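Protein chains: 2
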Amino acid sequence: MNEPRYRRRKEDRPAEITAAAFEAFAENGYDATRVDDVARRAGVSKGLLYLYFKTKEELFKAVIRNFIMPMVDALKTEVESSELSAEAFLRGPFLDFAKRVPKSPAKILVRLLIAEGPKHPDLTAFYWDNVVSQGLSALSQIIEKGVRDGSFRQSALNDFPQLLLSPVMFSIVWSIVFQSKHALDTDKMLEGHIDMILRAIKRNDDQTGAA
Amino acid sequence: MNEPRYRRRKEDRPAEITAAAFEAFAENGYDATRVDDVARRAGVSKGLLYLYFKTKEELFKAVIRNFIMPMVDALKTEVESSELSAEAFLRGPFLDFAKRVPKSPAKILVRLLIAEGPKHPDLTAFYWDNVVSQGLSALSQIIEKGVRDGSFRQSALNDFPQLLLSPVMFSIVWSIVFQSKHALDTDKMLEGHIDMILRAIKRNDDQTGAA
DNA sequence: ATGATTAATGACTAACCAGTCATTAAGAGA
DNA sequence: TCTCTTAATGACTGGTTAGTCATTAATCAT
């Protein structure tokens, strides 16, 4: 009956607290999240939390780091190890990724970045270095590969790989803001987007396909 | 030397306060904005502010309404009064609009909507009714017009006019989060986007043009 | 066993801030 | 000029919360 009040598991604590904090920040954003609430979710006292994280802000940054790293690593390996043609990569792994993100909990990071980024320049810098610039250069590689082997023509995508990502971002924002009231079939939209892009940039060997 | 402490200009006050609040909310977001600060910016006491706006939240909503309404009205008139072909409209007024928004102060509203929307369902609903759904249906009209007169083929844009807007949203988010450190030529990107879209959806009478 | 070490607690405080209200003075009317 | 209405003030309060610290109890070393 008397649950052990003290557990003493120094190694696990930070990860447990970070996970709880992720939940809390995701639900409420930075300001509205109470440190007490994070501690309670982690089954830990506030004092202990402050033993591992000096301030609320440091905790916030730890959350971002912890949950972004794995995603980026996964994407990079996928890109680099793939032997698919550029088109096949866009229709396959890239589309999968694009469909997955707006449904994953990680979408919340976008909200946090937009909402809190301007107040935390170092966090934004971290995000840039570890996520955005790497993601964009991976996409550029794919596109250039397609151009080199003659299957894609030169297009705006060469200068702006962002255009591949913008509907993904849009899906995320939509799902955060409107999804509950105004469902959007993001999977279909993203498929349509890839179809359109490919129709625009493929050299005309054949000119069929896609709705 | 003794500036008049009391000015008594009942009619101007609400607009002055809303303008000050827009600045403050834009800089700091909702939670971090102090009502005292808004009052100071408006050159007014906090007590007076509470004479015109019952709560901070009501003030926030007034800000959104005040700054969104004119934009939407402008866009709607433009769409409805235009006699241009679908392609000309996309390359002209629509592209202008798309270029303008990410540079205007109104872009901040997107940040506020993403950050605070989930906590303010009625505000989100207002935004939907007055901005998003109207904007989308205007775009749908344009696209259908192009399809009807045979210049566009059926495409993903028929189901997802959002695809036209996603790079605009992307530009806004980029400019909020990264612009200071990593400039993006949003004008060029948006031009490239329209070029690609048109290449994808135009029926092949001619198949030349655009980089 | 027994002290030494340190993970963990939670009551406390110092600061902050949305919203109130008793008071002041500007302008309107007579 | 005097009175009445109301725009405008700003000190105050009640509630909230990030961060602290004196204390407690697991675990470890001997």
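Taken in order, these protein sequences are the chains called P and A.
According to our numbering, the first sequence is numbered sequentially starting from 34.
According to our numbering, the second sequence is numbered sequentially starting from 34.
Just so it is clear, CB atoms sit at the ideal spot from N, CA and C, and this is done for glycine as well.
Computed from a prediction, not measured in an experiment: that's the story for all the values here.
**Study point:** Euclidean distance between Cα positions of alanine 189 of chain A and aspartate 155 of chain A
**Key:** Translated into the one-based positions of the second sequence, residue 189 of chain A becomes position 156. Translated into the one-based positions of the second sequence, residue 155 of chain A becomes position 122. When rounded, the distance between both Cα atoms is 31 Å.
**Study point:** Close-in-space but distant-in-sequence residues of the same chain around glutamate 49 of chain A (CB under 6 Å, 5 per side omitted)
**Key:** The residue labelled residue 49 of chain A in the question sits at position 16 within the second sequence. Contacts found: Ala75.
Review point. Is it a yes or a no for the stretch 167-179 of chain P touching the stretch 195-207 of chain P, going by three-plus beta-carbon pairs under 8 Å?
Key: A contact between stretches requires three or more CB pairs, one per stretch, nearer than 8 Å, and the stretch 167-179 of chain P meets this requirement with the stretch 195-207 of chain P.
Exercise for review: Apply the 10 Å Cβ neighbour rule to glutamate 91 of chain A and answer buried if 16 or more other Cβ atoms are within range, or exposed otherwise.
Suggested key: Translated into the one-based positions of the second sequence, residue 91 of chain A becomes position 58. By the neighbour-count definition (other C-beta atoms within 10 Å, threshold 16), glutamate 91 of chain A is an exposed residue.
Check your understanding: Looking only at its own chain, which residues have a Cβ that is under 8 Å from the Cβ of leucine 223 of chain A, when we skip the five neighbours before and after it?
Key -> Taking the second sequence and counting its residues from 1, one reaches residue 223 of chain A at position 190. The beta carbon of leucine 223 of chain A is closer than 8 Å to those of Leu128, Ala131, Lys132, Pro200, Val201 and Ser204 in its chain, skipping five residues each way along the sequence.
Exercise for review: Report the partner residues of phenylalanine 185 of chain A according to the DSSP bridge assignment.
Suggested key: Mapped onto the second sequence, residue 185 of chain A falls at position 152. Note: phenylalanine 185 of chain A sits in a beta bridge opposite A/Lys235.
**Study point:** 4-residue-minimum alpha helix (DSSP H) runs that sit fully inside the stretch 117-202 of chain A, ordered along the chain
**Key:** For the stretch 117-202 of chain A, whole alpha helix (DSSP H) runs of length 4 or above, ordered along the chain, are 119-122, 128-133, 140-149, 154-160, 166-181 and 189-192.
Review point. Is it the case that the Cβ atoms of phenylalanine 58 of chain A and valine 96 of chain A are separated by a distance below 8 Å?
Key: To locate residue 58 of chain A, count along the second sequence from 1; it is residue 25. To locate residue 96 of chain A, count along the second sequence from 1; it is residue 63. Yes. Within cutoff.
Check your understanding: Name the chain P residues that come within less than 9 Å of lysine 214 of chain A, Cβ to Cβ?
Key -> Position 181 of the second sequence, counted from the first residue, corresponds to residue 214 of chain A. Going along chain P in sequence order, the residues near lysine 214 of chain A (Cβ under 9 Å) are Pro154, Thr157, Ala158 and Trp161.
Exercise for review: Out of P/Ala158, P/Gly183, P/Phe193 and P/Glu56, state which residue places its alpha-carbon closest to the alpha-carbon of leucine 169 of chain P.
Suggested key: Position 136 of the first sequence holds residue 169 of chain P. Cα-wise, what sits closest to leucine 169 of chain P is P/Phe193.
**Study point:** Min CB distance glycine 62 of chain P to chain A below 8 Å
**Key:** Start at 1 with the first residue of the first sequence, and residue 62 of chain P comes out as number 29. Interface with chain A (8 Å Cβ-Cβ cutoff): glycine 62 of chain P is included.
Practice item. Between the Cα of alanine 107 of chain P and those of P/Phe159, P/Ala171, P/Asn237 and P/Ile227, spot the shortest distance and give me the residue it belongs to. Key: For the purposes of this step, residue 107 of chain P is identified with residue 74 of the first sequence, where counting begins at 1. Looking at the Cα atoms, P/Ala171 is the closest of the given residues.
Practice item. Identify whether glycine 76 of chain A lies in helix, strand or coil by the three-state DSSP scheme. Key: The residue labelled residue 76 of chain A in the question sits at position 43 within the second sequence. Look at glycine 76 of chain A here: in three-state DSSP terms it is coil, with no helix or strand label.
Review point. Got a sec, what are the start and stop residues for the alpha helix (DSSP H) lysine 89 of chain P sits in?
Key: Against the first sequence, residue 89 of chain P aligns to sequence position 56. 89-114 is the extent of the alpha helix (DSSP H) around lysine 89 of chain P.
Exercise for review: Would you be able to state if there are at least three C-beta pairs under 8 Å between the stretch 208-219 of chain A and the stretch 141-158 of chain P?
Suggested key: At 8 Å Cβ cutoff, the stretches touch.
Exercise for review: Rank P/Gln187, P/Gly125, P/Asp70 and P/Ile227 by C-alpha distance to the C-alpha of phenylalanine 55 of chain P and give the top, closest one.
Suggested key: Against the first sequence, residue 55 of chain P aligns to sequence position 22. Of the listed residues, the one whose Cα sits closest to phenylalanine 55 of chain P is P/Asp70.
Exercise for review: Determine the DSSP secondary structure at alanine 216 of chain A, reduced to helix, strand or coil.
Suggested key: One-based indexing of the second sequence puts residue 216 of chain A at position 183. In the three-state scheme derived from DSSP, where H, G and I count as helix and E and B as strand, alanine 216 of chain A is classed as coil.
Check your understanding: For the candidate residues A/Asp64, A/Ser114 and A/Arg236, whose alpha-carbon lies nearest to that of lysine 152 of chain P?
Key -> To locate residue 152 of chain P, count along the first sequence from 1; it is residue 119. Here the closest residue by C-alpha is A/Asp64.
Practice item. Would you mind reading off the limits of the alpha helix (DSSP H) that contains phenylalanine 58 of chain A? Key: The count along the second sequence starts at 1 and reaches residue 58 of chain A at position 25. Residues 46-61.
Check your understanding: If you run the structure through DSSP and keep just helix, strand and coil, what is aspartate 70 of chain P?
Key -> Here residue 70 of chain P refers to the residue found at position 37 of the first sequence. DSSP places aspartate 70 of chain P within a helical segment (H, G or I) once states are collapsed to three.
**Study point:** Reduced DSSP secondary structure (H/G/I, E/B, other) of aspartate 64 of chain P
**Key:** Residue 64 of chain P sits at position 31 when you count from the first residue of the first sequence. Aspartate 64 of chain P carries a helical assignment under DSSP once its states are collapsed to helix, strand and coil.
Point to revise | Residues of the stretch 172-200 of chain A with Cβ closer than 8 Å to any Cβ of chain P, in chain order | key: Listed in sequence order: Gln187, Ser188, Ala189, Leu190, Asp192, Phe193, Gln195, Leu196, Leu198, Ser199 and Pro200.
Exercise for review: Quick one: which residues of the stretch 132-148 of chain P get their C-beta closer than 7 Å to a C-beta of chain A? List them in chain order.
Suggested key: For the stretch 132-148 of chain P, the beta-carbon criterion of a distance under 7 Å to any beta-carbon of chain A is satisfied by Arg144, Leu146, Ile147 and Ala148.
Exercise for review: Closer than 8 Å by beta-carbon distance: list the chain P residues that pair up with glycine 168 of chain A, in chain order.
Suggested key: Here the question's residue 168 of chain A lines up with position 135 in the second sequence. Within chain P, no residue comes near glycine 168 of chain A; the closest Cβ sits about 13 Å away, beyond 8 Å.
Check your understanding: Given that phenylalanine 86 of chain A touches chain P, what residues does it touch there, using C-beta distances under 7 Å?
Key -> Counted from its first residue, the second sequence places residue 86 of chain A at position 53. What phenylalanine 86 of chain A touches in chain P: nothing, since even the nearest Cβ is about 21 Å away.
Point to revise | Contact list for glycine 7 of chain P against chain A, beta-carbon separation under 7 Å | key: An answer regarding residue 7 of chain P cannot be provided, because it is not within the stretch 34 to 244 covered by chain P.
Review point. Could you give the distance in angstroms between the alpha-carbon of leucine 217 of chain A and the alpha-carbon of threonine 88 of chain P?
Key: Numbered from its first residue, the second sequence carries residue 217 of chain A at position 184. Numbered from its first residue, the first sequence carries residue 88 of chain P at position 55. So the alpha carbons of these two residues sit roughly 34 Å apart.
Practice item. Measure from the C-beta of aspartate 228 of chain P to each C-beta in chain A and report whether the shortest distance is under 8 Å. Key: Within the first sequence, residue 228 of chain P is the residue found at index 195, counting from 1. A Cβ of chain A is located within less than 8 Å of the beta carbon of aspartate 228 of chain P.
Check your understanding: For lysine 43 of chain P, which three-state DSSP category applies?
Key -> Mapped onto the first sequence, residue 43 of chain P falls at position 10. Note: lysine 43 of chain P maps to coil in three-state DSSP.
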